[in-house]
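> The sequence shown begins at 139 in the numbering used here and counts up one residue at a time. Heads up, the beta-carbon is just placed ideally off N, CA and C, and yes, glycines get one too.
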Amino acid sequence: MGDIKRYFLEFAYKGTNYHGWQLQHNAHSVQSEMEGALELLFGRPVSVMGSGRTDTGVHASQQFLHFDLDGDLEPKMAVKKLNGILPKDIAVYDLRAVRSDAHARFSALWRSYEYVISLRKNPFKQGLSWYCYYDLDMEKMNEAASVLLEHRDFQCFSKIHTDVKHFDCKIKEAYWEQKESYLIFHITANRFLRGMVRAIVGTMVQVGTGKINKEDFRQIILSKDRKKAGANVPADGLFLSKVVYPDVLFT
Numbered sequence: 139m140g141d142i143k144r145y146f147l148e149f150a151y152k153g154t155n156y157h158g159w160q161l162q163h164n165a166h167s168v169q170s171e172m173e174g175a176l177e178l179l180f181g182r183p184v185s186v187m188g189s190g191r192t193d194t195g196v197h198a199s200q201q202f203l204h205f206d207l208d209g210d211l212e213p214k215m216a217v218k219k220l221n222g223i224l225p226k227d228i229a230v231y232d233l234r235a236v237r238s239d240a241h242a243r244f245s246a247l248w249r250s251y252e253y254v255i256s257l258r259k260n261p262f263k264q265g266l267s268w269y270c271y272y273d274l275d276m277e278k279m280n281e282a283a284s285v286l287l288e289h290r291d292f293q294c295f296s297k298i299h300t301d302v303k304h305f306d307c308k309i310k311e312a313y314w315e316q317k318e319s320y321l322i323f324h325i326t327a328n329r330f331l332r333g334m335v336r337a338i339v340g341t342m343v344q345v346g347t348g349k350i351n352k353e354d355f356r357q358i359i360l361s362k363d364r365k366k367a368g369a370n371v372p373a374d375g376l377f378l379s380k381v382v383y384p385d386v387l388f389t
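Right under this line is the structure:
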């Protein structure tokens, strides 16, 4: 046996056919697929730690995990073989050695999500966006998005039964943009609560339709009451889009 080394794996997945990232009993998860592929490649069980959870049906255009392995491996060949083993809706992009104290979850500095709203029905984007037939005012939604940067406690956007110790998140970026017939919400923070992005989008849609205004949105945040916020939008349109780590982690 050689020295134990830690590796970061960068990958992406279409979450439609999975009950989220995390390993679960009696449910198909992305983690179980990744661990199964790594075990097949290396000939022994390999446990992994992801950069964060994604819920049922949520996608990731950039996700990371770490695992430990004794001895050296050839990253390019390992990536090629893993892509041959994994199903078509999971793709591995990169494999890099990291410091032994690097952690896919706890070492992450920032995480970014995107939520994609389709303004017209598109059969080719089925499962990859939420078709919204409301007329939405993106300018008003961007005004509401700017309010997020003024606050830290987002309990009002968190799932009620959750085991977190606090609801503080530092949001450094939140805005909407339109690309052709799509409205895309971008949000970057140091951490996210369960269901947070889908609840934020659901509430901002109420702003976009004129049901509530910017000040109402602010008061919802201050209330810390999930019942006052909007309903979660469907998982189809949500993507974990970027995870940022300190450069010093990579050897």
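1. In chain order, what residues of the same chain have a beta carbon less than 8 Å from the beta carbon of L387, not counting five sequence neighbours either side?
2. Looking only at its chain, what residues have a beta carbon closer than 7 Å to the beta carbon of G222, apart from the 5 residues adjacent to it on each side?
3. Could you check the C-alpha separation between F377 and T192 for me, to the nearest Å?
4. Measure the alpha-carbon distance for E212 versus T300 and round it to whole angstroms.
5. Is DSSP giving F355 helix, strand or coil here?
6. Can you check DSSP and say which residues form a bridge with F188?
7. Using the beta-carbon count (16 or more within 10 Å), is L286 buried or exposed?
8. Going by DSSP, what residues sit across from K218 in a beta bridge?
9. Since V371 and L331 should fall inside the 8 Å C-beta cutoff, what is the C-beta to C-beta distance between them, to a whole number of angstroms?
10. Taking only three categories from DSSP, how would you classify R258?
11. For S361, does the three-state DSSP call read helix, strand or coil?
12. For the beta strand (DSSP E) containing R234, list its first residue and its last residue.
Quick answer:
1. Within the sequence shown, the letter at position 249 stands for residue 387. Here the set comprises F146, V236, R237, A240, S245.
2. Indexing the sequence shown from 1 puts residue 222 at position 84. Counting only Cβ-Cβ distances below 7 Å, and skipping sequence neighbours, we find nothing.
3. Residue mapping note: residue 377 aligns to position 239 of the sequence shown, counting from 1. Residue mapping note: residue 192 aligns to position 54 of the sequence shown, counting from 1. Computed Cα separation, rounded: 9 Å.
4. Position 74 of the sequence shown, counted from the start, is the residue given in the question as residue 212. Position 162 of the sequence shown, counted from the start, is the residue given in the question as residue 300. So the two alpha carbons sit approximately 40 Å from each other.
5. Along the sequence shown, one-based indexing puts residue 355 at 217. Helix.
6. Taking the sequence shown and counting its residues from 1, the one referred to as residue 188 is at position 50. Contrary to the premise, residue 188 reads as Gly rather than Phe in this sequence. Paired residue(s): L203.
7. Working through the sequence shown from its first residue, we reach residue 286 at position 148. Looking at its Cβ environment, which holds 16 or more other Cβ atoms inside 10 Å, L286 is buried.
8. Along the sequence shown, read from residue 1 onward, the residue named residue 218 stands at position 80. Paired residue(s): none; K218 is not in a bridge.
9. The residue given as residue 371 occupies position 233 in the sequence shown. The residue given as residue 331 occupies position 193 in the sequence shown. About 15 Å separates the two Cβ atoms, so there is no contact after all.
10. For the purposes of this step, residue 258 is taken as residue 120 along the sequence shown, with counting starting at 1. Here R258 sits in coil by DSSP.
11. Taking the sequence shown and counting its residues from 1, one reaches residue 361 at position 223. Correct three-state label for S361: helix.
12. Indexing the sequence shown from 1 puts residue 234 at position 96. First-last of the beta strand (DSSP E) with R234: 228-236.
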